[in-house]
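Undergrad: Take a look at the following structure, please.
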């Protein structure tokens, strides 16, 4: 969806499964962009 699409969500919450190096890096990048996130470690 492009940002101009009517009804497109302005914000999203992201769930990341796995708190290893890649998951934590992605969580940090999302935080930097102001995106809410939750990291779950099974």
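Residue numbers (the working numbering): 1 to 42. The beta carbon of each residue, even a glycine, is placed where N, CA and C say it ideally should be. These numbers were taken from a predicted model, which means no experiment stands behind them.
(1) Do residue 22 and residue 37 have their CB atoms nearer than 7 Å?
(2) Taking the alpha carbon of residue 42 as the point to measure from, which residue in 20, 33, 12 has its own alpha carbon closest?
(3) Could you tell me the distance, in whole angstroms, from the CA atom of residue 6 to the CA atom of residue 12?
(4) Assuming the contact rule is C-beta atoms closer than 8 Å, residue 40 and residue 17 should be a hit. Round their C-beta distance to whole Å, please.
(5) Could you please give me the residues that DSSP links to residue 40 through a beta bridge?
TA: Answer, in terms of the structure:
(1) Residue mapping note: residue 22 aligns to position 22 of the chain shown, counting from 1. Residue mapping note: residue 37 aligns to position 37 of the chain shown, counting from 1. Against a cut-off of 7 Å, the Cβ pair of residue 37 and residue 22 comes out as no contact.
(2) Taking the chain shown and counting its residues from 1, one reaches residue 42 at position 42. If we check each option's Cα against that of residue 42, 20 comes out closest.
(3) Numbered from 1 along the chain shown, position 6 holds the residue referred to as residue 6. Numbered from 1 along the chain shown, position 12 holds the residue referred to as residue 12. Taking the straight line joining both Cα atoms gives about 16 Å.
(4) Counted from its first residue, the chain shown places residue 40 at position 40. Counted from its first residue, the chain shown places residue 17 at position 17. Rounded, the Cβ-Cβ distance is 5 Å, consistent with contact.
(5) Here the question's residue 40 lines up with position 40 in the chain shown. According to DSSP, residue 40 bridges with 17.
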